[in-house]
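Below is one structure, written out as structure tokens, with a few remarks after it.
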Amino acid sequence: GLNPFGDRARVDAYAAAGYEALAMEFMPRITRAQSMDILSSQSNLAGYKAVLDAASEYGRAFPMMMTAAGTVSAAKAFVMGVGVAGLQAIATARRLGAQVSATDVRSATREQIQSPGPKPIFVENVKGIEGEGSGGYAGEMSDEYKAAQAELVSAHIAKQ
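Residue numbers for the sequence shown follow our numbering, beginning at -9 and rising by one.
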């Protein structure tokens, strides 16, 4: 993105050179402008790249492999946050053969997690667990929820 508030010198240099520039990150996130939404497209790529980077660091193959020498278990991927990047990370990890689980503070994302097949990991029985802020984004959670989530995530990772 152009980042006009964070890189004022570049914007001034463009102006001095007579260039016209558009900050595509400021395009409204509405249906009509969806084809110009760089935030979603870059988030999509970020989710994909995150899994490829993780696979590279993992040092083993993601899918379960059975050979004469024995069986190698499938990698287990845990995606935290099921926005655009998280959904792409889930899809990429599954395509690479990993067993995927995912979580998000927004309870409405449970169906989005289950749709491509991963196991949803959610905090249950805590007051105010919707997690939905304005515009569908995650909101601030209560201290009680944060403690329950930390315990749940820690237990889930320990089992993997």
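The beta-carbon is built from N, C-alpha and C at its ideal position, and this holds for glycine as well.
DSSP places V116 outside any alpha helix (DSSP H), giving it a letter other than H or E.
Residue state for M70 is assigned as strand, using DSSP reduced to three classes. Around the beta carbon of P108, 16 or more other beta carbons sit within 10 angstroms, so the residue counts as buried. In the DSSP assignment, V62 forms a beta bridge with M55. Burial is judged here by how many other beta carbons sit within 10 angstroms of a residue's own beta carbon; R96 has at least 16 and is buried.
For V90, the three-state secondary structure derived from DSSP is strand.
A check of alpha carbon separations from V113 across P18, A5 and A145 identifies A145 as the nearest.
The criterion of a C-beta distance shorter than 8 Å is satisfied by V41 and T82. Residue environment for S91: buried (at least 16 other C-beta atoms within 10 angstroms of its C-beta). The Cβ atoms of A65 and R84 do not sit closer than 8 Å to each other. If you ignore the 5 residues before and after V62, its C-beta comes within less than 6 Å of the C-beta of M55, all in its own chain and listed in chain order. Around the beta carbon of T99, a 10 Å sphere encloses 16 or more other beta carbons of the protein chains shown; the residue is thus reported as buried. L77 and E141 have their alpha carbons spaced roughly 23 Å apart. With a cutoff of 8 Å on beta-carbon distance, F52 and G87 are scored as near each other. The shortest C-alpha to C-alpha distance from V116 to any of A128, E47, Y127 and E134 is the one to E134. Counted as a single uninterrupted DSSP element, the alpha helix (DSSP H) harbouring A138 occupies residues D133 to K149.
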